[in-house]
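2 protein chains.
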Amino acid sequence: MQVSSRFTIAIHIFSCIKTFEGEYKITSDFLSSSIQVNPVIIRKLLGQLKEAGLIEVKRGSGGASLAKEPGEITLLDVFNAVESLDGGKLFHFHENPNPDCPVGRSIHPVLDGRLEQIQRAMEKEMQSITLEDIFNDTNKYLEQTSHS
Amino acid sequence: MQVSSRFTIAIHIFSCIKTFEGEYKITSDFLSSSIQVNPVIIRKLLGQLKEAGLIEVKRGSGGASLAKEPGEITLLDVFNAVESLDGGKLFHFHENPNPDCPVGRSIHPVLDGRLEQIQRAMEKEMQSITLEDIFNDTNKYLEQTSHS
DNA sequence: GTTATTGTAACAAGAGGGGTTACAATAACA
DNA sequence: TGTTATTGTAACCCCTCTTGTTACAATAAC
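Written out as C-alpha cells, the structure reads:
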C-alpha cells in the first residue's frame with residue numbers, strides 16, 4: 016500500500032507550469048522530458064487535474080496553465096484529483112463481519128470513527144500545504160545550490 | 016490506493032482475543048467465523064502479528080493470545096505489522112526526474128520533507144489510539160445496544 | 001496413534017499501476 | 001486548404017498486490 020507516484024508527478028507538473036510559463040509552452044512532451052515519464056501518462060494526469068478545475072489545457076494548440084492562484088491550491092486538492100479513494104475512504108474494511116458475533120457486530124460502529132479520525136489528520140496536514148509553499152521552497156533551493 | 020483490509024481484520028482479531036480469551040480457544044477457524052474471511056488469510060496475519068511481537072500463537076495445540084497489555088499496543092503498531100510500506104515511505108516518488116531541469120533537480124529535496132510531514136501526521140494519530148481504547152468502545156457499544 | 005491445529009507452498013482470479021503504440025479530433029498557421 | 005503540433009483516448013502489455021483456495025508437512029496434546 017503506497018500512494019501512487021501520480022501524486023508527486025502532479026506536483027512536479029505544477030512546478031513546471033509555474034517555473035516555465037511564458038518562457039515555454041507546457042506540453043505533455045515538455046513535461047515528459049523533465050519528469051521522465053511517458054507523455055501519455057502525463058496527458059491522463061493533465062486530464063484529471065483539468066477535471067478537478069486546477070489547470071487548463073489547450074487542445075490542438077497545446078499547453079497547460081494554472082486555473083487558480085498557487086496559494087489557493089492545496090496538496091489535498093492535488094491528492095483528491097489524482098488519487099481516487101474508493102468511496103472517499105482511505106481504509107478498506109473487510110466486507111462481511113459476522114453479525115451473530117458480538118465482536119463482528121460492533122467492529123464497524125466502533126472502528127469507523129477512528130479510521131475517519133486518522134484520515135482527517137492526514138488530510139488536514141495536506142490541506143495546510145499549498146503550491147505556493149512548494150514554489151517558494153523550490154526557489155530557495157535553486158538559489159542556494161546555484162551560487163555555491 | 017487504499018489501506019488493505021488486513022489492517023481492520025487485524026484489529027478485529029485483537030478484539031476477538033480480548034473478548035473470548037479464557038472462554039474459547041482462539042484458533043484461525045474460530046476467528047474466521049467471526050471475521051468471515053478464509054482461515055489461511057487469518058493464519059498469515061497471525062504470523063505477521065506474531066513476528067511483530069504483538070501476539071503469541073501456539074503451534075499444534077492452537078490458540079492466539081496477547082503478548083502485551085492492550086494499552087501498550089497502538090494502531091500504529093498494528094499498521095506497521097501488517098502493512099509493509101516500501102522503504103517505510105507512504106508516498107511513492109517517480110524514480111527519475113531529470114537532473115538537467117531545475118525543477119527535476121529540486122523536486123526531491125523540496126518534496127521529501129513535506130511528504131514525511133504528512134506521513135508523520137497520520138502516524139501520530141494512529142499512535143494516539145490503543146487497543147484498550149478500541150476494547151472500551153466495543154464494551155460501551157455492546158452495553159448500549161443490548162439493553163434497548 | 002489419533003486428532004486438531006499451525007505454518008507454508010502453490011496456485012488462481014481480479015484490480016491497479018505504469019508503460020507503449022496508434023490514431024482521431026482539434027487548433028493554429030502557412 | 002493543407003500541413004503541423006498537440007491533446008484525448010483506445011487498446012494493448014507486463015508486473016505487483018490483494019484476496020481466496022486447496023493441500024500437506026510439522027507440531028502438540030491426548
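Here the protein sequences line up with chains A and B, keeping their order. At the far end of the first sequence sits residue 163, using the working numbering, and the numbering has no gaps. At the far end of the second sequence sits residue 163, using the working numbering, and the numbering has no gaps. Note that the Cβ used here is the ideal one computed from N, Cα and C, for glycine as well.
Between residue i and chain B, is the shortest Cβ-Cβ distance under 8 Å, so that the two count as touching?
{"i": "Leu-105(A)", "result": "yes"}
{"i": "Leu-157(A)", "result": "yes"}
{"i": "Gln-132(A)", "result": "yes"}
{"i": "Asp-152(A)", "result": "yes"}
{"i": "Ile-57(A)", "result": "no"}
{"i": "Val-72(A)", "result": "no"}
{"i": "Ser-20(A)", "result": "yes"}
{"i": "Asn-113(A)", "result": "yes"}
{"i": "Ile-149(A)", "result": "yes"}
{"i": "Leu-126(A)", "result": "yes"}
{"i": "Ser-145(A)", "result": "First, the amino acid is wrong: residue 145(A) is Thr here, not Ser. Chain B, which has no Cβ nearer than 8 Å to the Cβ of Thr-145(A), makes this no."}
{"i": "Val-52(A)", "result": "yes"}
{"i": "Pro-48(A)", "result": "The sequence shown places Ser at residue 48(A), rather than the Pro named in the question. By this cut-off, Ser-48(A) is an interface position."}
{"i": "Ser-30(A)", "result": "yes"}
I'd like to know whether the C-beta atoms of residue i and residue j end up nearer to each other than 8 Å.
{"i": "Tyr-156(A)", "j": "Pro-85(B)", "result": "no"}
{"i": "Ala-79(B)", "j": "Ile-70(B)", "result": "yes"}
{"i": "Val-236(A)", "j": "Leu-60(A)", "result": "Nothing in the structure corresponds to residue 236(A), since chain A is present only between 16 and 163."}
{"i": "Leu-81(B)", "j": "Ile-32(B)", "result": "yes"}
Assuming the contact rule is C-beta atoms closer than 8 Å, residue i and residue j should be a hit. Round their C-beta distance to whole Å, please.
{"i": "Asp-92(A)", "j": "Gln-17(B)", "result": "20 Å between Cβ atoms; not a contact."}
{"i": "Ser-48(A)", "j": "Asn-113(B)", "result": "6 Å"}
{"i": "Phe-108(B)", "j": "Ser-20(A)", "result": "6 Å"}
{"i": "Leu-90(B)", "j": "Met-141(B)", "result": "4 Å"}
{"i": "Val-118(B)", "j": "Thr-34(A)", "result": "5 Å"}
{"i": "Ala-176(A)", "j": "Gln-63(A)", "result": "Given that chain A is displayed from residue 16 to residue 163, the structure contains no residue 176(A) and the question cannot be resolved."}
{"i": "Leu-126(A)", "j": "Thr-160(B)", "result": "The pair is not a contact, with the Cβ atoms about 15 Å apart (cut-off 8 Å)."}
{"i": "Ala-136(B)", "j": "Ala-136(A)", "result": "5 Å"}
8 Å is my cut-off, CB to CB: does residue i come that close to chain A?
{"i": "Leu-100(B)", "result": "yes"}
{"i": "Gln-63(B)", "result": "no"}
{"i": "Glu-140(B)", "result": "yes"}
{"i": "Ala-136(B)", "result": "yes"}
{"i": "Pro-85(B)", "result": "no"}
{"i": "Val-118(B)", "result": "yes"}
{"i": "Ser-43(B)", "result": "no"}
{"i": "Ser-80(B)", "result": "no"}
{"i": "Ile-88(B)", "result": "no"}
{"i": "Ser-121(B)", "result": "yes"}
So, with DSSP's three-state summary, where would you put residue i?
{"i": "Ile-70(B)", "result": "strand"}
{"i": "Val-52(B)", "result": "coil"}
{"i": "Leu-146(B)", "result": "helix"}
{"i": "Leu-81(A)", "result": "strand"}
{"i": "Thr-34(B)", "result": "helix"}
{"i": "Phe-106(A)", "result": "strand"}
{"i": "Thr-89(A)", "result": "strand"}
### Task
Could you say if the segment 34 to 54 of chain B and the segment 142 to 159 of chain A meet the contact criterion of at least three C-beta pairs nearer than 8 Å?
Counting C-beta pairs closer than 8 Å gives fewer than three between the segment 34 to 54 of chain B and the segment 142 to 159 of chain A, which falls short of the contact rule.
### Message
Would the segment 52 to 59 of chain A count as touching the segment 18 to 37 of chain B if we require 3 or more Cβ pairs under 8 Å?
### Response
Segments in contact, no.
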